[in-house]
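In UniProt numbering, the protein residues as written are 1 to 264. Where a beta carbon is used, it is the ideal one built from N, C-alpha and C, also for glycine. First up is the structure itself, then whatever we jot down about it.
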Ligand code: KIV
Ligand code: NA
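Dropping the structure here:
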C-alpha cells in the first residue's frame, strides 16, 4: 500500500478536502488507524501524558520518542507519520539536527517542534538538509510553565497578530505544515487562509485544513474530556476501528469539530 506523503496532504489543502490525523504510540493502533483510512499518525510527546502518566510533556525524552516511533512505523500501512521533537531537544539548530536525525531514522516522515519565529534558523536548516518540518503554535504544551497553564492562546489582538506573524515566518523558513492548538476559531481560519502549507488544528475550529486528536481522548478513555474532544468511540458504539472511520468521515464532511468543540 502506498504511504501518503506531505505532497498528498498539500494537494488535499489545494482541493479543499480536510485531512485527518490521530496520535498513536504502538504498532497495533497504528495498523488499525491505517486500515480505517485516516491520513496521518502523529507520534506525539503526549505519550508523556497518556502512556507514561506524567502531568505534562516536559519529562519525555528523545529515547522515549524513538521507541514509540519505531513501534508505530512497524504497524503503519499507509499513514504519513509525524514524530514530535521532545522538550529541549531543539534548543539550538545543531541540537535540532541531531534530534531530527534520530526521529527520522526511527521511522517518522516529518518532525514537529513547538514555537514561533525564534525557530526560523532551525527550520530553515532542517529544510535545507531534507527534513520536512511541522511547526506548532498556540498552546504549546512544552512551554506550559511559561504560559501559566493549559489555556486558549491568541484571544487578545496583540497575541493574535503575533501568532499570524509567527505562522508566516515559519512558512517562510520552510515549514511544510503547522499545528494550531487551542486557538480561537476565527484566528485559526485567518492563519489557514493566509498560508499555503496545510494547517492542522486541535481545538482550533473547523476552518483549518485538517484535524488531529489524541487517541485516548477520542476513544473517551482519558481521565477528563477537553471541550475540543468528541468521544468517537461512544458514537461508534464501542468499535475502535469504526471510531477511527467515523472520525475520518466527520472531519472530511466538516462535521467535526462542531461549534461546541471550538473556542471564540
Ligand atoms: O503530542 C501531541 O499529541 C500533540 C498534538 C496534541 C498536536 O502535539
Ligand atoms: Na506534542
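(request) State the DSSP-derived secondary structure class of residue 217, mapped to helix, strand or coil. (result) The residue given as residue 217 occupies position 217 in the chain shown. If DSSP states are grouped into helix, strand and coil, residue 217 belongs with the helices.
(message) Does residue 4 come out as helix, strand or coil in the three-state DSSP assignment?
(response) Reading the chain shown from its first residue, position 4 is the one you call residue 4. Coil, per DSSP.
(request) Return the chain-ordered list of same chain residues with a C-beta closer than 7 Å to the C-beta of residue 155, the five sequence neighbours on each side being excluded. (result) Indexing the chain shown from 1 puts residue 155 at position 155. These residues qualify, in order along the chain: 184.
(request) Quick one: residues in its chain with C-beta nearer than 8 Å to the C-beta of residue 168, no 5 flanking neighbours on either side, listed in chain order? (result) Position 168 of the chain shown, counted from the start, is the residue given in the question as residue 168. Counting only Cβ-Cβ distances below 8 Å, and skipping sequence neighbours, we find 194 and 195.
(request) Determine the direct distance from the alpha carbon of residue 32 to that of residue 241, and round the result to whole angstroms. (result) In the chain shown, the residue the question calls residue 241 occupies position 241. In the chain shown, the residue the question calls residue 32 occupies position 32. Near 6 Å, if we compare the C-alpha coordinates of residue 32 and residue 241.
(message) According to DSSP, simplified to helix, strand and coil, what is residue 23?
(response) Along the chain shown, read from residue 1 onward, the residue named residue 23 stands at position 23. Three-state DSSP puts residue 23 in a strand.
(request) Take the Cβ of residue 255 as the centre, count every other Cβ of all protein chains shown within 10 Å, and call the residue buried at 16 or more, exposed below. (result) Taking the first residue of the chain shown as position 1, residue 255 is located at position 255. Exposed is the call here.
(message) I want to check one thing, is the minimum distance from the CB of residue 141 to the heavy atoms of the ligand KIV below 8 Å?
(response) Counting from one through the chain shown, the residue named residue 141 turns up at place 141. Yes, the ligand KIV has a heavy atom inside 8 Å of this Cβ.
(request) Please confirm whether residue 226 and residue 236 have their CB atoms less than 9 Å apart. (result) The residue you call residue 226 lines up with position 226 of the chain shown. The residue you call residue 236 lines up with position 236 of the chain shown. Their beta carbons are not under 9 Å apart, which means residue 226 does not touch residue 236 by this criterion.
(message) Which residue marks the beginning of the alpha helix (DSSP H) containing residue 120, and which one marks its end?
(response) As a working mapping, residue 120 is identified with position 120 in the chain shown. Looking at the DSSP string, the run of the alpha helix (DSSP H) that includes residue 120 is 120-128.
(message) Does the beta-carbon of residue 61, which I'm using as the reference point, lie nearer than 8 Å to any heavy atom of the ligand KIV?
(response) Here residue 61 corresponds to residue number 61 of the chain shown, with the count starting at 1. Every heavy atom of the ligand KIV is 8 Å or more from the Cβ of residue 61, so no.
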